[in-house]
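Residue numbers (our numbering), protein chains in the order written: chain A, 680 to 925; chain B, 1206 to 1663.
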């Protein structure tokens, strides 16, 4: 579903955002990108969504090259950001309808809107409420409802559970699990190792734009994911210190 | 997709607080300005009728009181003259233009015309703080509101994070931009047109605006210009919002441009024109003309009063006529010098002023409404023509060099033939302003388009 080949992004100020990244996400698979701030997780997602142009390499969604045919590629991807910010003056219903129409779907019935709204765990009374009064958790749920209604094969989530309470985070991951069961390809980034371990089929550890290791689900049991991650982070800290001394 | 975007933009605008405030402001300001200028127009119209009635009564009184034809002739043509009211131009109920600068009446004698002010009892503060007419409201307030509507169109959505969500869909950027422009402009325009419509209906209802085709054409063109002018500021703000990444930066830049365009350039243009083309002040010209009068008068005196005795004869008369012709020629030279200098100043001020869309709007609006420099010139020409006609009529009643005066009636006295400049001719100078505003609109939209194509939505 998602094919990233030799992807590299160097920003105008010389910062390397993504460095020779190779990654694929298949249908019905959850791949989680793990890494500290500035590791290149969000940069990778921005490249997948075509928000920035890569310095080299390619990204293909459903076989469509994002750079060559961005509009066609975007039909197959839905995006949920860390802080889902919708139109505060609009009701949840208005936001849902607007973004669904924008995704090109005009055949969605009112019942379907409501069904998805309830599916993500939002109460009926919130359907006609203005989003301005929604909590972060409610907005995240509405964001995933928009992604579901788009019916895209690939869903990209940028740290979707950050800032959510444990219950909210757990419920959110349950929704993602259901989407996986429906055959959606899911790429998400996170800092939360425990939740990652519970949900991911593969975990990619990123540092300075590079994919250091891609750990398969079957290996996660044998290895302590937290320890692996911390070891990489220690290496980075040591590298940074020696560079400063040098 | 375009309509989904446009619908969203319209709903977002309509639900926002600024729309409510804008709508209320439009209704209040536009309607209030039309109401005030309409009442001013009606007052001037009533005053004009009163002046005409009083002037006719005065003339009739002279005819009754002066029994001798010769006395009547001198009283009518040289002592009293004919006083004519200067009625306000028909469209001045909406666009005042130069109407406040025009006299309420003009007192005409053969070869001379004297302007009579609007009212000596007038409140001097009215001159200090002029009445805000439709041109003022559109030029100052609406341009500012257009900026407030669009300054955060793109950068505001980026800051809010919604732009990323929109752009994660298969939406062409040009559709987003076009929808933002069309919806925002529509939402801005509808309250304006409603307010103007209400104001115009009131003006028609009280009979302060003719309902002929010419007025309708002027009104339609005026509204078209207003829309184009508002669109200039709206599109400018859209372009600035596509260049910047913060709403505060965008607002600051837009306000800076607004201040330069609205307050600095139009006010500095006449000053700069005067620096480049100083000319002489009217007082200096009057002094020079007075000097010519005195000089020729002395030369005539010297001619006729030689060695303390009055000289007569054909030769002397010819020489006197020659000197009078010289006086006329030299006075005309000074008049021409003054009018040429003013023309050059006007041209230069027009060129500099047109660097600002506000000046373009004002020039175009007063030209189309027939209340600008053209109409003032038409009034001056009419009073000059009437003065000449008075001279000719006086000569026909007392043909020179005979001194016999024939009897005459009031109907023989010429009237002020104040004709309004036809719409087609009045709109001619506005074509340049139309082009400038259209070019600015296209340029700003192209800037917004090019910048938004490369806009970093992250």
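Even for Gly, the Cβ is constructed at its ideal location relative to N, Cα and C.
Between residue 870(A) and residue 713(A), the gap from beta carbon to beta carbon is short of 9 Å. Taking 9 Å as the CB threshold, residue 1212(B) lines the interface with chain A. Taking a C-beta cut-off of 7 Å against chain B, none of the residues of the segment 797–817 of chain A qualify. Taking the beta carbon of residue 792(A) as reference, no residue of chain B falls within 8 Å; the closest one sits roughly 15 Å away. Per DSSP, the unbroken alpha helix (DSSP H) holding residue 1367(B) starts and ends at 1367–1372. A Cβ-Cβ separation of about 16 Å leaves residue 1450(B) out of contact with residue 1385(B) under the 8 Å criterion. Within chain B, 1373, 1374 and 1375 have C-beta atoms less than 7 Å from the C-beta of residue 753(A), given in sequence order.
In its chain, beyond the 5 residues on either side, 729, 738 and 752 have a beta carbon closer than 6 Å to the beta carbon of residue 745(A). In this structure, the beta-carbon distance from residue 1430(B) to residue 1639(B) falls below 9 Å. Counting only runs of 4 or more residues that sit fully inside the segment 1244–1316 of chain B, the alpha helix (DSSP H) segments are 1274–1279, in chain order. Annotation for residue 1314(B): 1282, 1283, 1286 and 1595 place their beta carbon closer than 7 Å to its own, counting only its chain and skipping 5 residues before and after. With its beta carbon less than 9 Å from one in chain B, residue 822(A) belongs to the interface.
Judged by pairs of C-beta atoms under 8 Å, the segment 1301–1315 of chain B does not touch the segment 1267–1274 of chain B, as fewer than three such pairs exist. Here residue 690(A) is exposed, its C-beta having fewer than 16 other C-beta atoms within 10 Å.
Close CB contacts of residue 1628(B) within its chain, under the 6 Å cut and outside five residues either way in sequence, are with 1419, 1422 and 1423 (chain order). For residue 1663(B), the nearest CB of chain A lies under 9 Å from its own CB, placing it at the interface with that chain. In the structure shown, residue 758(A) adopts extended strand secondary structure according to DSSP, grouped into three states.
In the structure shown, residue 768(A) falls within a coil segment according to DSSP collapsed to helix, strand and coil.
Between the segment 831–839 of chain A and the segment 862–882 of chain A, the count of C-beta pairs closer than 8 Å reaches three or more; the two stretches touch. In the DSSP assignment, the residues bridged to residue 1320(B) are 1311(B). Taking the beta carbon of residue 1366(B) as reference, the chain A residues within 7 Å of it are 760, 762 and 764, listed in sequence order.
With a cutoff of 9 Å on beta-carbon distance, residue 1256(B) and residue 1289(B) are scored as near each other. In the DSSP assignment, residue 737(A) forms a beta bridge with 684(A). Under the 10 Å beta carbon count, residue 1579(B) is surrounded by 16 or more other beta carbons and is classified as buried. Neighbourhood of residue 1206(B) in chain A, by CB distance below 8 Å: 780, 781 and 783, in chain order. Taken through DSSP and simplified to helix, strand or coil, residue 1588(B) comes out as helix. Leaving aside the five residues that flank residue 913(A) on each side, none in its chain has a CB nearer than 7 Å to its CB.
Between the beta-carbon of residue 754(A) and that of residue 1209(B) there is about 15 Å, and that puts the pair past the 8 Å contact cut.
Annotation: Cβ neighbours of residue 1221(B) in chain A (cutoff 9 Å, chain order): 768. Around the beta carbon of residue 685(A), fewer than 16 other beta carbons sit within 10 angstroms, so the residue counts as exposed. At a cut-off of 9 Å between beta carbons, residue 1370(B) contacts chain A. Boundaries of the alpha helix (DSSP H) around residue 1570(B): 1562–1574.
Residue 1438(B) counts as buried, since no fewer than 16 other beta carbons sit within 10 angstroms of its beta carbon. Under the DSSP assignment, residue 1646(B) falls in the alpha helix (DSSP H) whose first and last residues are 1635–1658.
For the C-beta of residue 756(A), the chain B residues within less than 8 Å are, from N- to C-terminus, 1373. Spanning the alpha carbons of residue 776(A) and residue 1394(B) requires a straight line of approximately 27 Å.
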